[in-house]
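Worksheet: one structure, shown below.
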Amino acid sequence: MAEPQNANTPSPSAYGLSPEEKKKRGQRNIAIALALGAFIILVFLVTILRIGGAVAERSF
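One rule links them: number in our numbering = place in the sequence shown (from 1) + 678.
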């Protein structure tokens, strides 16, 4: 069990994030950004492949 905190001892969250928490948050943000970028590229490539040469054959 966690020890009760003394009234004179503020919780770590009272000062914001610890350096370790900031590092983990930054790593998580980078991973999410890379996953989002990969998804966008995948959707773009699938769209281009599905359209293929049909764009040149359209009559306007």
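Quick reminder that beta carbons are idealized off the backbone N, C-alpha and C, glycines included. None of the values given here were measured: they were computed from a predicted structure.
According to DSSP, simplified to helix, strand and coil, what is residue i?
i      : result
Ile704 : In the sequence on display, residue 704 carries Gly and not Ile. Of the three classes helix, strand and coil, the one that applies to Gly704 here is helix, per DSSP.
Gly715 : helix
Leu695 : coil
Report the CB separation of residue i from residue j in whole angstroms; it is logged as a contact under 8 Å.
i      : j      : result
Leu695 : Arg703 : 7 Å
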